[in-house]
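Accompanying notes for the structure given below.
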Amino acid sequence: MGQLDDKTALVTGASSGIGLAIARRFAAEGATVYLTGHRKAAIRSLARTWTAELADREIRVNTLSPGPVETPGGAEPAPLTPLGRAGRPDEVAATALYLAGDQSTFTTGAELLVDGGVTQL
């Protein structure tokens with residue numbers, strides 16, 4: 005039995021990198037996964053709208069904003085983070101799994117920064 009059995013997820017940018025890692029992780033945990041592609045500003049706007057509209061149905065809406073992340077076959081991002089390295093797609097996927105799972109049932113309308121501290125510089 006997976007952590008996300010009987011749950012549905014909308015994953016953006018799932019054709020490669022972080023989005024693909026999240027989609028695979030969610031599917032492995034039992035979620036029904038739908039894929040789409042949008043720009044970050046559009047996703048933030050959609051999340052704000054859906055947070056309010058879906059709350060009465062107990063549907064949580066959160067967004068992830070990753071920082072520099074390694075991409076398979078791509079150039080390694082410069083380690084511009086306080087942690088001194090780029091993130092990995094599986095690290096962002098694990099954070100997404102947390103937000104989608106039962107450990108975060110009181111979290112909605114949040115934008116979680118998964119950026120190695122870049123926004124604090």
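All letters in the sequence shown, in the order written, are residues 5 to 125 by the working numbering.
Backbone N, C-alpha and C define an ideal beta-carbon position, used for all residues, glycine too.
A quick note: this is a predicted structure, and the numbers were derived from the prediction, not measured.
(1) Can you find the residues in the same chain that come closer than 7 angstroms, C-beta to C-beta, to residue 40, ignoring five residues on each side of it along the sequence?
(2) Of all the beta strand (DSSP E) runs that stay within the bounds of the segment 10-66, which reach a length of 3 or more residues?
(3) Evaluate residue 26 with the Cβ neighbour count: other Cβ atoms within 10 Å of its Cβ, from every protein chain shown; 16 or more gives buried, anything less gives exposed.
(4) Under the assumption that residue 30 contacts residue 104 (Cβ atoms under 8 angstroms), give the Cβ distance between them as a whole number of angstroms.
(5) Which residue from 86, 112 and 46 puts its Cα closest to that of residue 60?
(6) Tell whether a beta-carbon distance below 8 angstroms holds between residue 47 and residue 93.
Considering the structure as presented:
(1) 14 and 16
(2) Listed in chain order, they are 12-16 and 36-40.
(3) buried
(4) 7 angstroms
(5) 112
(6) No, the pair does not count as a contact, with Cβ atoms beyond the cut-off.
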